[in-house]
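Protein sequence lines correspond, in order, to chains A and B. Mapping of the first sequence onto the working numbering: position 84 corresponds to residue 84, and the numbering continues sequentially without gaps. So the number in the working numbering is just where the residue sits in the second sequence, counting from 1, plus 115. Just so you know, even glycine gets a beta-carbon here, dropped at the ideal spot from N, CA and C.
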Amino acid sequence: EADIYQTPRYLVIGTGKKITLECSQTMGHDKMYWYQQDPGMELHLIHYSYGVNSTEKGDLSSESTVSRIRTEHFPLTLESARPSHTSQYLCASSESGVGTNYGYTFGSGTRLTVV
Amino acid sequence: GENVEQHPSTLSVQEGDSAVIKCTYSDSASNYFPWYKQELGKGPQLIIDIRSNVGEKKDQRIAVTLNKTAKHFSLHITETQPEDSAVYFCAASMLGGSARQLTFGSGTQLTVLP
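Written out as structure tokens, the structure reads:
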């Protein structure tokens with residue numbers, strides 16, 4: 001079944017550690033996105049990608065980086081985690097092109113806690 | 116760029132009553148308006164969407180209305196049930212634009228009281 005997967009679901013990590021949040025989709029979608037969701041519910045776009053080798057920064061400034069070497073894979077990396085990075089991170093993907101389904105498919109999220 | 120405002124931020128209704136969530140958008144070029152439902156511990160899921168060439172769309176107990184002139188759109192849930200309790204997000208975009216398609220509202224926490 002076509003879907004989008006995020007791992008890990010929960011992560012508790014110490015300050016200064018390097019972490020990578022994984023996101024993979026099996027739908028062949030060109031476009032992928034990372035959102036940070038604060039406790040107040042709002043979704044903040046931090047990175048997005050048009051396709052392979054394309055990455056762009058979103059609205060919310062983030063110290064994280066992303067890569068898009070394969071269509072299905074869009075990992076997010078924090079080189080040095082800080083308590084201010086504690087949040088829920090959501091990955092999403094969507095099709096492109098005329099006549100496609102324009103809605104986003106979201107993963108279940110990774111809840112990151114930096115202590 | 117697009118700005119989407121969503122109200123109310125929290126909404127409590129009795130089971131069986133109707134719930135209405137409202138959103139306004141700023142960019143008159145926007146032509147696609149989806150709604151997402153986020154249950155606890157899950158990512159948002161698309162529940163209904165509408166394009167600017169129609170004024171209303173229904174799917175069982177949920178409906179969305181769009182007023183292009185006033186630049187606002189609303190989600191209506193009738194005969195609410197406890198399983199409707201969730202966070203709901205509206206969004207707007209211009210189809211055919213850049214990869215950053217959707218601008219989301221700030222969310223509404225809906226609680227259906229038994």
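Spatial distance of residue i from residue j (CA atoms)
{"i": "A:Gly109", "j": "A:Cys91", "result": "7 angstroms"}
{"i": "B:Asp136", "j": "B:Phe188", "result": "The residue you asked about is not Asp; residue 136 of chain B is Ile in the sequence shown. Computed Cα separation, rounded: 9 angstroms."}
{"i": "B:Pro197", "j": "A:Gly103", "result": "25 angstroms"}
{"i": "B:Ser145", "j": "A:Ser24", "result": "29 angstroms"}
{"i": "B:Arg176", "j": "B:Val128", "result": "15 angstroms"}
{"i": "B:Lys186", "j": "B:Lys172", "result": "16 angstroms"}
{"i": "B:Leu161", "j": "A:Ser94", "result": "12 angstroms"}
{"i": "B:Glu194", "j": "B:Cys138", "result": "21 angstroms"}
{"i": "B:Leu210", "j": "A:Gly51", "result": "17 angstroms"}
{"i": "A:Thr15", "j": "A:Leu21", "result": "16 angstroms"}
{"i": "B:Pro149", "j": "A:Thr55", "result": "24 angstroms"}
{"i": "B:Ser141", "j": "B:Val119", "result": "7 angstroms"}
{"i": "A:Thr71", "j": "B:Gly158", "result": "21 angstroms"}
{"i": "A:Ser49", "j": "B:His122", "result": "30 angstroms"}
{"i": "A:Ser96", "j": "B:Asn168", "result": "20 angstroms"}
Neighbourhood of residue i by C-beta, 6 angstroms cutoff - its chain only, sequence neighbours within 5 removed
{"i": "B:Gly170", "result": "Leu181"}
{"i": "A:Ser62", "result": "Ile46"}
{"i": "A:Gln88", "result": "Gln37, Gly109 and Arg111"}
{"i": "A:Asp59", "result": "Leu45"}
{"i": "B:Tyr147", "result": "Arg166, Ser208 and Leu210"}
{"i": "A:Ile4", "result": "Gln25, Ser93, Thr105 and Gly107"}
{"i": "A:Leu43", "result": "Tyr35 and Gln37"}
{"i": "B:Asp174", "result": "Ile163"}
{"i": "B:Leu217", "result": "Ala206 and Ser208"}
{"i": "B:Thr190", "result": "First, the residue type needs correcting, since residue 190 of chain B is Leu and not Thr in the sequence shown. Around B:Leu190: Ile136, Trp150 and Val179."}
{"i": "A:Tyr33", "result": "Tyr48 and Ala92"}
Buried versus exposed, by CB contacts within 10 Å (16 or more), residue i
{"i": "B:Leu228", "result": "exposed"}
{"i": "A:Tyr10", "result": "exposed"}
{"i": "A:Leu76", "result": "buried"}
{"i": "A:Ile69", "result": "exposed"}
{"i": "B:Thr184", "result": "exposed"}
{"i": "B:Gly222", "result": "buried"}
{"i": "A:Thr7", "result": "exposed"}
{"i": "A:His29", "result": "buried"}
{"i": "B:Gly116", "result": "exposed"}
{"i": "B:Gly220", "result": "buried"}
{"i": "A:Lys31", "result": "buried"}
{"i": "B:Gly156", "result": "exposed"}
{"i": "A:Gly40", "result": "exposed"}
{"i": "B:Ser143", "result": "exposed"}
Proximal chain B residues relative to residue i, where beta-carbon distance stays under 9 angstroms
{"i": "A:Met41", "result": "Ser124, Gln153, Val202, Phe204, Ser221, Gly222, Thr223 and Gln224"}
Chain-ordered neighbours of residue i on chain A, where CB pairs are closer than 8 angstroms
{"i": "B:Tyr140", "result": "Chain A residues near B:Tyr140: none, gap ~16 angstroms exceeds 8 angstroms."}
Contacts around residue i, its chain only, beta-carbon distance under 7 angstroms, and the 5 residues preceding and following it disregarded
{"i": "B:Ala201", "result": "Lys152, Gln153, Glu154 and Leu225"}
{"i": "A:His85", "result": "Leu78, Leu112 and Val114"}
{"i": "A:Lys57", "result": "His47"}
{"i": "A:Glu13", "result": "The question names Glu, yet the displayed sequence has Ile at residue 13 of chain A. So the qualifying residues of the chain are Ile19, Ala81 and Val114."}
{"i": "B:Ile192", "result": "Ser133, Ala134, Arg176, Ile177 and Asp199"}
{"i": "A:Thr65", "result": "Thr77"}
{"i": "B:Gly131", "result": "Glu194 and Thr195"}
Within chain B, the residues that residue i reaches when beta carbons sit closer than 8 angstroms
{"i": "A:Ser108", "result": "Gly156, Lys157 and Gly158"}
{"i": "A:Gly103", "result": "Pro149, Leu161 and Asp164"}
{"i": "A:Leu90", "result": "Gly158 and Pro159"}
Within chain A, the residues that residue i reaches when beta carbons sit closer than 7 angstroms
{"i": "B:Leu217", "result": "Tyr104"}
Neighbourhood of residue i by C-beta distance below 8 angstroms, restricted to the same chain and skipping five residues each side
{"i": "B:Ser124", "result": "Ser221, Gly222, Thr223 and Gln224"}
{"i": "A:Ser67", "result": "Thr55, Phe74, Pro75 and Thr77"}
{"i": "A:Pro83", "result": "Thr15, Val114 and Val115"}
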